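Colleague: Before anything else, here's the structure in question.
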Amino acid sequence: MAGERVLVVDDAAENRDFVVNYILKPNGYEPLTACNGEEGLLIALRELPDLILLDMQMPKMDGLQVLEALHKEGCDLAIILMTFHGSEELAVQVFRMGVKDYVIKPFKVHELLDAMERALTEVRLRQERDTLTCRLEQSLSELNTLFSIGKSITALLDLEQLLNRLVEAAVYISGAEEGFLLLVDEETDELYVRAAQGIEEKTARTLRLQVQESVAGQVVCTGEPMIIGGQRLKIQTAYLVKSLINVPIKVQERVIGVLGVNNRLSDEPFGRHKLDMLSALADYAAIAIENARLFGAVKEERHKLETVLANTEDAVILVEESDAELVTLANQTARQAFEMGDDVTGRPLAEVAGNEVLIDLFHQARAGMEVARAEIFLLDGRTLNAHVTPISGVGRVAVMQDITHLKELDRMKSEFVSTVSHDLRSPLTSIKGFADLMPVAGTLNEQQLDFLAKIQRGVETITELISDLLDLGRIEAGVNLEMDLCDVGAIVEKVAQGQLSHATLKKQSLYWEIAPDLPPVLGNPLRLGQAVSNLVNNAVKYTPEGGQISISVAPADGQVVVAIKDSGIGIPPAKLPYVFDKFYRVQTQETENIVGSGLGLSIVKSIVEKHGGRIWARSQVGMGSVFTFVLPADSKET
Ligand code: ADP
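Here numbering that gives the first Met the number 0 is used: the first residue of the sequence shown is 0, the next is one more, and so on.
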């Protein structure tokens with residue numbers, strides 16, 4: 000390859016001239032010459048030529064001594080010996096000292112040229128290998144730096160520390176004199192220094208650059224990286240740089256800052272590769288800043304939520320998703336209500352809250368994966384209305400309102416209603432009695448008979464309503480609720496037989512299936528019959544002609560489960576939670592002409608709950624409804 004520098008060390012001038020003028024120059028090599036060993040050594044050490052052609056026999060310092068001196072200096076240069084016949088043995092000896100080849104004087108031009116080419120090829124290969132190794136080492140070190148920064152980000156280091164490390168890495172990778180990370184202050188439209196290296200602390204602290212007027216600001220505006228090299232550039236007042244790289248820090252396409260490095264002394268421009276590395280670091284910076292922002296936002300939200308929960312009057316308990324039912328959160332109201340103490344987080348619910356109904360409610364919410372509701376009576380006499388909701392990925396949360404005063408109002412209202420109903424009974428009996436006697440007293444015309452029928456129907460409706468109201472009052476108060484061992488299957492069968500004609504009138508099919516070996520239930524057969532009767536009556540009432548109604552009674556886990564299913568009009572999901580409320584009636588086109596007091600289901604609920612059971616409904620508009628209740632089997636019998 001032309002241009003390689005070859006040093007000829009020979010005391011014989013004609014030899015030097017021959018090699019220089021007939022071999023080196025014509026073949027494009029750049030010759031250097033030395034006329035003795037000492038001079039050869041000096042030039043070799045100073046110029047580090049690509050190849051040395053070294054004469055062996057020289058006065059004062061011979062070739063061997065030159066070699067030894069170079070070896071001692073640790074100088075690993077390619078050398079070809081020029082020697083005479085008879086000194087080959089010596090030549091063999093010097094190969095150990097790194098000599099590549101030898102030629103025997105007098106040599107032919109091509110002999111030396113071939114030897115030179117072989118030696119230089121080896122030199123070139125070695126140089127290439129060294130360059131590659133050096134590049135590889137550099138890339139490896141850059142990758143290691145990036146990797147360790149990446150790891151720091153996922154390790155959620157302190158943002159301050161992390162951004163400083165990022166700038167340090169930017170300076171290290173780019174070999175720059177200074178580095179900085181600027182962030183946009185959106186209020187003032189300025190850039191300020193968030194982290195810096197190589198820049199005076201005071202400058203870094205006070206520096207503010209207008210986005211619209213600065214070089215770094217251009218990167219913010221365009222969103223494109225910038226690389227400038229080789230020219231003297233004034234990037235801000237009294238701040239001269241010769242080369243720089245500025246890359247944008249982007250969060251979801253929005254530039255929030257700039258990562259930059261620059262040189263003020265060195266003219267060395269930055270390469271494209273450095274820009275890529277800096278872009279990668281800027282991406283890390285964006286992730287770290289965004290992580291910190293999100294983390295801060297989450298922390299703030301959590302704090303707000305905690306404050307709201309702590310100050311709410313409702314009792315709130317959050318239990319984690321696993322079966323262990325560990326308490327994640329219990330606010331002050333809940334801790335007081337259930338006398339839980341302060342240190343409840345992470346402990347099993349059953350261990351910290353001794354209330355069976357509450358614990359059971361959490362179990363129900365898990366089993367049913369839907370909201371479970373119940374009233375909880377506290378030891379201090381208060382009543383809480385609790386509902387436990389399963390929340391996917393979070394756990395189950397119980398929210399409980401104190402309804403003690405509502406219960407009291409309800410009691411007073413029931414008392415009032417019961418008194419009034421009672422007092423209404425006597426006048427109603429008279430109205431009915433006299434209305435029944437009217438035809439006996441004299442002949443009535445058709446219109447009078449019609450009016451009389453209306454009076455009788457009206458009186459019947461009011462009497463039914465009053466009897467329902469009185470019933471509800473009695474059931475709630477537990478009056479006449481003597482309990483005995485009952486066969487729920489037999490009770491259901493009797494009711495179903497009784498309703499058969501009612502269903503047949505509407506061309507409906509009514510089936511019932513009663514499992515054998517049902518455990519007995521401790522209950523009041525009349526009231527249980529009333530509950531089933533109300534449910535079957537509703538099923539018939541709210542199912543159009545030709546529909547199907549089925550009743551099933553089956554044992555399950557120490558309970559008896561009764562389900563009444565119909566193919567009727569169904570109940571809209573938003574109304575379903577209220578159907579057990581007193582006087583609640585679903586108002587739709589389908590129910591418009593169906594008469595009822597809105598008390599039937601509250602009576603059923605009351606009866607079931609008085610028996611220690613639970614009732615719920617599932618329904619789909621236009622498809623039908625299922626009302627299910629469970630009663631605990633008598634414990635002595637199971
Ligand atoms: P009502 O005297 O109005 O029937 P209930 O307390 O028995 O009062 O029922 C309350 C409301 O629930 C009813 O008005 C009706 O809208 C709805 N409902 C009850 N049972 C059914 C059912 N099987 N199918 C559809 N809707 C029903």
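For every residue, glycine included, the Cβ atom is placed at its ideal position computed from N, Cα and C. Since this is a predicted model, take the numbers as computed values, not measurements.
1) Cβ of residue 585 versus every heavy atom of ligand 3: is any distance shorter than 6 Å?
2) What is the DSSP secondary structure of residue 57, counted as helix, strand or coil?
3) Apart from the five residues on each side of it in sequence, which residues of its chain come closer than 8 Å, Cβ to Cβ, to residue 678?
4) Buried or exposed: residue 193, going by 16 or more other Cβ atoms within 10 Å of its Cβ?
5) Could you tell me which residues DSSP puts in a beta bridge with residue 249?
6) Rounded to the nearest angstrom, what separates residue 334 and residue 364 at their Cα positions?
7) For the pair the region 622 to 630 and the region 460 to 478, tell me if three or more CB-CB distances fall below 8 Å.
8) Please say whether residue 27 and residue 33 have beta carbons closer to each other than 7 Å?
9) Hey, how far is the Cα of residue 274 from the Cα of residue 259?
10) Taking 8 Å as the threshold, find out whether the region 304 to 323 comes into contact with the region 383 to 401 through three or more Cβ pairs.
11) Just to confirm, is the Cβ distance from residue 145 to residue 279 under 7 Å?
12) Taking the alpha carbon of residue 520 as the reference point, which residue from 266, 493, 425 and 607 has its own alpha carbon closest?
13) In the DSSP assignment, the beta strand (DSSP E) including residue 549 goes from what residue to what residue?
14) With H, G and I counted as helix, E and B as strand and the rest as coil, what does DSSP make of residue 639?
15) Rounded to the nearest angstrom, how far is the Cβ of residue 591 from that of residue 551, given a contact under 8 Å?
16) Measuring straight from C-alpha to C-alpha, what distance separates residue 421 and residue 375?
17) If contact is defined by three or more beta carbon pairs under 8 Å, each pair taking one atom from either stretch, is the region 248 to 255 in contact with the region 157 to 164?
18) Taking residue 491 as the reference, give the member of 534, 42 and 285 with the closest Cα.
19) Decide if the region 599 to 606 is in contact with the region 526 to 544; the criterion is three or more beta carbon pairs, one per stretch, under 8 Å apart.
20) Just list the residues that DSSP pairs residue 208 with in beta bridges.
21) Are residue 545 and residue 506 closer than 7 Å when you measure CB to CB?
22) If you run the structure through DSSP and keep just helix, strand and coil, what is residue 674?
23) For residue 498, which of 536, 609 and 148 has the nearest alpha-carbon?
24) Look at the alpha carbon of residue 343 and the alpha carbon of residue 616, and state the distance between them as a whole number of angstroms.
25) Counting C-beta neighbours from all protein chains within 10 Å, is the total for residue 502 16 or more, i.e. buried, or is it exposed?
26) Any heavy atom of ligand 1 closer than 6 Å to the CB of residue 600?
27) Contact defined as beta carbons within less than 8 Å: I believe residue 207 pairs with residue 189. What is the distance between those atoms, to the nearest angstrom?
28) Can the beta-carbon of residue 360 be found closer than 7 Å to that of residue 387?
29) Once DSSP output is grouped into helix, strand and coil, what is the label at residue 374?
30) Name the two residues that bound the continuous alpha helix (DSSP H) containing residue 301.
31) Distance check for residue 180 and residue 44, CA to CA, integer angstroms please.
32) Exposed or buried, which one is residue 444 when buried takes at least 16 other CB atoms within 10 Å?
33) Between the beta-carbon of residue 331 and the beta-carbon of residue 309, is there less than 7 Å?
34) Does chain D have any CB closer than 7 Å to the CB of residue 579?
35) Is it buried or exposed for residue 236, if we count other Cβ within 10 angstroms and need 16 for buried?
36) Taking the alpha helix (DSSP H) that residue 446 falls in, what are its first and last residues?
Modeller: Judging by the given coordinates:
1) With respect to small molecules bound, the structure shown includes ligand 1 and not ligand 3.
2) Residue 57: coil per DSSP, three-state reduction.
3) The chain is shown only over 0 to 637; residue 678 falls outside these bounds and no answer can be derived.
4) Buried.
5) Looking at the DSSP output, residue 249 shares a beta bridge with 254.
6) Roughly 21 Å separates the two Cα atoms.
7) Under the three-pair Cβ rule at 8 Å, the region 622 to 630 does not count as touching the region 460 to 478.
8) No, the Cβ-Cβ distance between residue 33 and residue 27 is not below 7 Å.
9) The alpha-carbon atoms of residue 274 and residue 259 are separated by roughly 10 Å.
10) A contact is defined here as three or more CB-CB pairs under 8 Å, and the region 304 to 323 meets this definition with respect to the region 383 to 401.
11) Their beta carbons are under 7 Å apart, which means residue 145 touches residue 279 by this criterion.
12) With distances taken between CA atoms, residue 520 lies nearest to 607 out of 266, 493, 425 and 607.
13) DSSP places residue 549 inside the beta strand (DSSP E), whose first and last residues are 547 to 555.
14) With the chain covering only 0 through 637, there is no way to say anything about residue 639.
15) About 31 Å separates the beta carbon of residue 591 from that of residue 551, a gap too long to meet the 8 Å contact definition.
16) So the alpha carbons of these two residues sit roughly 31 Å apart.
17) Counting Cβ pairs under 8 Å, fewer than three are found: no touch.
18) Residue nearest to residue 491 within the set 534, 42 and 285 is 534 (criterion: CA-CA distance).
19) Remark: three or more beta-carbon pairs, one from each stretch, lie closer than 8 Å, so the region 599 to 606 and the region 526 to 544 are flagged as touching.
20) Answer is 190.
21) If you check the CB distance, residue 545 and residue 506 come in under 7 Å.
22) Limits of the chain in this structure are 0 at one end and 637 at the other, which puts residue 674 out of reach.
23) Among 536, 609 and 148, the Cα nearest to that of residue 498 belongs to 536.
24) Residue 343 and residue 616: Cα-Cα distance of roughly 35 Å.
25) Counting C-beta atoms within 10 angstroms of its own C-beta, residue 502 has 16 or more neighbours from the protein chains shown and is therefore classed as buried.
26) At least one heavy atom of ligand 1 lies closer than 6 Å to the C-beta of residue 600.
27) Right, the Cβ-Cβ distance comes to about 5 Å (below 8 Å), so this counts as a contact.
28) Taking 7 Å as the Cβ cut-off, residue 360 and residue 387 qualify as a contacting pair.
29) In the structure shown, residue 374 sits in a strand (DSSP, three-state: E or B).
30) Here the alpha helix (DSSP H) through residue 301 covers 271 to 310.
31) For residue 44 and residue 180, the gap between their C-alpha atoms comes out near 46 Å.
32) It counts as exposed.
33) In this structure, residue 331 lies near residue 309, with their beta-carbon atoms less than 7 Å apart.
34) Absent here is chain D; the protein component of the structure consists of one chain.
35) Confidence in residue 236 is poor, its pLDDT being 47 and thus under 50, which makes the residue's placement unreliable; the coordinate value appears in the next sentence. Exposed, since its Cβ has fewer than 16 Cβ neighbours within 10 Å.
36) Residue range 445 to 476 is occupied by the alpha helix (DSSP H) that includes residue 446.
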